[in-house]
Amino acid sequence: MKCARFLRRGAGFAAALTVLLSATRTQAAEVVSGAHRPYAFGSFAAVILLTLTITWWAARKGNTASDFYTAGGGISGAKNGLAIAGDYLSAAAFLGVSGLIALYGYDGILYLVGFFVAFVPVLLLVAEPCRNLGRYTFGDVLAYRHDFRTSKLLAAVSSVIVAIFYMIPQIVGGAVLLYALLGVPYEVSIIVVGTLMLIYVTFGGMRATTWVQIVKAALLLTACTGLVVLALIPIHFNMVSFFTALSHQTALSDYLTRDHATVDSGDVRLVTKTFFEPGLYLKNPVELLSLGLALTLGTAAMPHIMMRFFSVRDAQTARKSVLWGMLWIGGCHLMIIFLGFAAAYYVGGFRIAAIDKGGNLAAPLLAQYLGGGADSPPGNLLLGLVAAVAFATIVAVVAGLTLAAASALAHDVYVGALKGGNVSDREQVVAGKVAALLVGLVAIGASLLAKGQNVAHLVGLAFAVAASANLPALLGTLYWRRCNTFGVTCSVVGGTVTAIVLVLVSPNMQYPQAVRAEASRTLAMEDMEIQTLQRRLVDPASTSSVRDASTAALANARRLRAAAQASLDGLGQTTTSIVGLQRPLINLRNPGIVSIPLGVIFLIFGSLIYSRGPTADDKWRELVFRRDSGVGIDKAVGH
Amino acid sequence: MISDLNLPVAALRIPAAEPPSSAFDACVSSKNRLLMLLSSAFFMYYFALIVGAGWCRSLFTLQVLGGMNLGTVFALSQYLFVAGLAVVYTRRMTIIDARIKVHAATRNVGDQP
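If you read the protein sequences in the order shown, they are chains L and F. 2100 is the number that this note's numbering gives the last residue of the first sequence; the numbers go up by one with no jumps. 99 is the number that this note's numbering gives the last residue of the second sequence; the numbers go up by one with no jumps.
What follows is the structure in structure tokens.
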């Protein structure tokens, strides 16, 4: 009865959501015309209904603390691997990097390689020890050896900070996707994404989150495979001829010479050659090194990734999970690389950049093109499907992050630090659900406040905090005999503060004077462009094709002008960034190259200056035994 | 050592005179050596890509395979390298796991930490 009621409510919610989304759409979206929007709405509703059905099913399976935090701890390696892929393959990889490759070529590949190889430290150093030493959270691992309350509080604070920093850009990304494709207002989109993530986590806990991630990973892999096949059909599945054609494409050459100041015009082949070389996007080598460090070291200490290893039976299954996860993530990355180049070839840099300057809609636009174009129902159906998969990608990642942050608050702070572990099973579940609600509300509120702000740098900041604060503390705890509570405290506090302060004084922040100058330049340029295009439209000598092109260009110029004006209006009278600076103090967008070594130094310094307790050696021996043998870990529940 | 990869039985060889705790510690040491070796290899290979893309861009533009330049080949090779590394790690750990299981059981009974 209870389940049927949940299902009816779920279906009702999906239907209400579709009606709400349809009713609140604005005229902003130009990617999907009004006549074709039902296809896209239908795809979104189908994905939402599917995930809600999974949540209903998961909610029936059990409601113990172990079910809520780790799905009973008996997820198989293959399933957990797919869930890791679902947890890790974010919109940043699918939408963001495919767009980067479409607009900047080679440099986009460097992002994907960084995301992928980051699983080597996870495989070698983190997955198995975490499974053997922890129960529900990163805090459990620290508390195995260090002061219980301090470890729990530190782990909770850093886990919540990392999760919230990572969640906000994901939620904002989901809202921007809904707005750009369907015209759904920003605020409504944020509430939709936030409500969905709360339903998954509070009703279904880890089991529902795991299955939502599994389904999302399967959908994403299927969508990528389908797009790759469709993109290869026109070139008869000949990859060599595809890249040869791309490297001789005049449209690509024109785009590169117009949009990239460093590329000189000339022979098409020589111009397009730069597209396959480093340097179009990541111009500063130190920045590249910093990003590489943050990606490879941050992933291993992301709380939502670590949490996945508590949901399996033993260390060997954790290892298998990582291997399966790497297989799916690597396969998906290789397809995304091709899709980025395919978008550059079929859709073109001009159109991708005109729709979204950052190129985030390259993959949906490619789907629309491959399905038959903007005016065809199949094209818009395919675009709707790809966008719905991207939306599922976002909500699955956000659900994993919500659960990780909620677990840290409930299990580490409430159950561990405040109650000293003396709470009933039911209280632990209630605490987890209340914490999920709190985290969700904070993330929704912060995302609503972030309207109009550039929040993309928060992803880099999340990785930097994880790599600078959590990873030194985690690796020190696992592998360094001299490590102690004070060292871990210095590392977590010092690493977090350093990373945040460096970002606050970096070029990531909004500097009103620079933004005002850029917006004024854009206004002047677009005013001239609009006048030229208007003259061309009324010129009797213009052919119909010239008029059509001018009409489209005019709409785009007006959109860019409106965006620049909105940017100017939004600034008001402010002249400094939120920390009172007129210009950045450092020239690094990602602070990893400074904050990560500092985090390690804090750990070493703190551990060496503070004497270890009399039982430190015994605890260390106990940890090594448990870390490598797994003797004494909790029994799992099979799935 | 290489033969150990294909002979799981060899993994169970325990020196007769060795006390249980030191046998377990030997397993831990061999595991740590493996982790150090593979981690070093990984970081060197990955950061060679970053250094190349950042500071040796002209080297990365050299055409090496069909129409592909060195930078692209090296970037894509990271996927193959990581796959190979994962295979080596898994095979070595299967052997070490078996040894640890034997020694941990012995230690668990007679030599609790």
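Just so you know, even glycine gets a beta-carbon here, dropped at the ideal spot from N, CA and C.
G1600 (chain L) and S1612 (chain L) - do their beta-carbons sit closer together than 8 Å? Yes.
Can you tell which of L:N1524, L:L1680 and L:N1593 has its C-alpha closest to the C-alpha of F1771 (chain L)? Ranking L:N1524, L:L1680 and L:N1593 by Cα distance to F1771 (chain L) puts L:N1593 first.
For I1536 (chain L), the residue or residues it bridges with in DSSP: Partner(s): L:V1773.
Kindly indicate if chain F contains any beta-carbon less than 8 Å away from that of K1463 (chain L). Residue placement at K1463 (chain L) cannot be trusted, given a pLDDT of 49 that sits under 50; what the coordinates show is reported in the next sentence. Chain F contact via Cβ: absent.
Status (buried if at least 16 other CB within 10 Å, exposed otherwise) for W1672 (chain L): Under this definition W1672 (chain L) is a buried residue.
Quick one: what does DSSP say N1541 (chain L) is sitting in, helix, strand or coil? DSSP, reduced to helix, strand and coil, places N1541 (chain L) within a helical segment of the structure shown.
The beta strand (DSSP E) with V1903 (chain L) in it runs from where to where? No beta strand (DSSP E) holds V1903 (chain L); the alpha helix (DSSP H) holding it covers D1886 to L1910.
Chain-ordered neighbours of M79 (chain F) on chain L, where CB pairs are closer than 8 Å: The contacting residues are R1780.
Along chain F, which residues have their Cβ under 7 Å away from the Cβ of Q1777 (chain L)? D83, listed in chain order.
Buried or exposed for A90 (chain F), please, with buried defined as at least 16 other CB atoms from any protein chain shown within 10 angstroms of its CB. Buried, since its Cβ has 16 or more Cβ neighbours within 10 Å.
Please check if any C-beta of chain F sits within less than 8 Å of the C-beta of S1620 (chain L). At a cut-off of 8 Å, the C-beta of S1620 (chain L) has no neighbouring C-beta in chain F.
Which same chain residues end up closer than 7 Å to S1650 (chain L) when comparing Cβ atoms and leaving out the 5 residues on each side of it in sequence? Cβ neighbours of S1650 (chain L) beyond the five flanking positions: G1635, A1636, L1639 and Y1640.
Give, in chain order, every unbroken run of the alpha helix (DSSP H) that is at least 4 residues long and sits entirely within the region 17 to 45 of chain F. Listed in chain order, there is nothing to give.
What residues of chain F sit near G1791 (chain L), judged by a beta carbon separation below 8 Å? Chain F residues near G1791 (chain L): Y65, V68 and A69.
If I follow the unbroken beta strand (DSSP E) through Q1995 (chain L), where does it start and stop? Segment P1973 to V1999 is the alpha helix (DSSP H) holding Q1995 (chain L); no beta strand (DSSP E) there.
Identity of the residues DSSP links to Q49 (chain F) by a beta bridge: Beta-bridge analysis with DSSP links Q49 (chain F) to F:N55.
If I follow the unbroken alpha helix (DSSP H) through E1589 (chain L), where does it start and stop? Segment A1588 to L1594, the alpha helix (DSSP H) holding E1589 (chain L).
Any Cβ of chain F within less than 8 Å of the Cβ of I1570 (chain L)? Closer than 8 Å to some Cβ of chain F, the Cβ of I1570 (chain L) qualifies, so yes.
Along the chain, where does the alpha helix (DSSP H) containing T1670 (chain L) start, and where does it finish? Its alpha helix (DSSP H) spans residues Y1647 to L1693.
For A1472 (chain L), would you say it is in contact with chain F, using Cβ-to-Cβ distances shorter than 8 Å as the test? Only weak support exists for where A1472 (chain L) lies, its pLDDT of 49 falling under 50; the value from the coordinates is given anyway. Using beta-carbon distances, A1472 (chain L) does not count as an interface residue toward chain F, since no partner is under 8 Å.
Near G58 (chain F), what residues of its chain come up, given a Cβ to Cβ distance below 6 Å and the 5 sequence neighbours on each side ignored? Position check: residue 58 (chain F) holds Thr in this sequence, whereas Gly was assumed. No residues qualify anywhere along the chain.
Go through its chain and collect everything with a Cβ distance to S2011 (chain L)'s Cβ below 8 Å, but skip five positions before and after it. A distance below 8 Å between beta-carbons, with the five flanking residues on each side excluded, links S2011 (chain L) to the following residues of its chain, in chain order: L1994, R1997, L1998 and S2003.
So which residues of chain F does L1585 (chain L) contact, with C-beta pairs closer than 8 Å? Within chain F, the residues near L1585 (chain L) are L21, L24, S25, F28 and Y75.
Applying the 10 Å Cβ sphere with the 16-neighbour rule, what's the burial state of R1943 (chain L)? Exposed: under 16 other Cβ atoms inside 10 Å.
Cβ-based neighbour list, A1892 (chain L), same chain, cut-off 7 Å, excluding 5 preceding and 5 following: So the list reads A1871, Y1875 and V1876, once near-sequence residues are dropped.
Indicate whether at least one CB of chain F lies closer than 8 Å to the CB of G1753 (chain L). Yes, G1753 (chain L) counts as interfacial toward chain F.
At least one CB of chain L closer than 8 Å to the CB of A72 (chain F): is that the case? The beta-carbon of A72 (chain F) is placed less than 8 Å from the nearest beta-carbon of chain L.
Under 8 Å by Cβ, that's how I've got V1602 (chain L) and T2076 (chain L) pegged, so tell me the actual separation to the nearest angstrom. About 18 Å separates the CB atoms of V1602 (chain L) and T2076 (chain L); that is not less than 8 Å, and the two are not in contact.
For the region 40 to 65 of chain F, which residues have a beta carbon sitting closer than 7 Å to at least one beta carbon of chain C? The structure shown contains no chain C; the protein chains it does contain are L and F.
Note down, one range per segment and in chain order, each alpha helix (DSSP H) of at least 4 residues found wholly within the region 1548 to 1632 of chain L. 1559 to 1565, 1567 to 1578, 1588 to 1594 and 1599 to 1604, all fully within the region 1548 to 1632 of chain L.
Between A34 (chain F) and chain L, is there a C-beta pair that is closer than 8 Å? No, no contact with chain L.
Using a threshold of 8 Å, state whether the C-beta atoms of S1908 (chain L) and I1629 (chain L) are closer than that. Note that the C-beta distance between S1908 (chain L) and I1629 (chain L) is below 8 Å.
May I have the straight-line CA-CA distance separating A2013 (chain L) from D1988 (chain L), to the nearest angstrom? CA-CA distance, A2013 (chain L) to D1988 (chain L), rounds to 16 Å.
Start-to-end residues for the alpha helix (DSSP H) that takes in F1736 (chain L): Where F1736 (chain L) is concerned, there is no enclosing alpha helix (DSSP H), given that its DSSP letter is neither H nor E.
Nonlocal neighbours in the same chain, by C-beta distance under 6 Å from L2021 (chain L), ignoring five residues either side: Short of 6 Å from the beta carbon of L2021 (chain L), and not among the five residues preceding or following it, lie these beta carbons of its own chain, in chain order: E1987.
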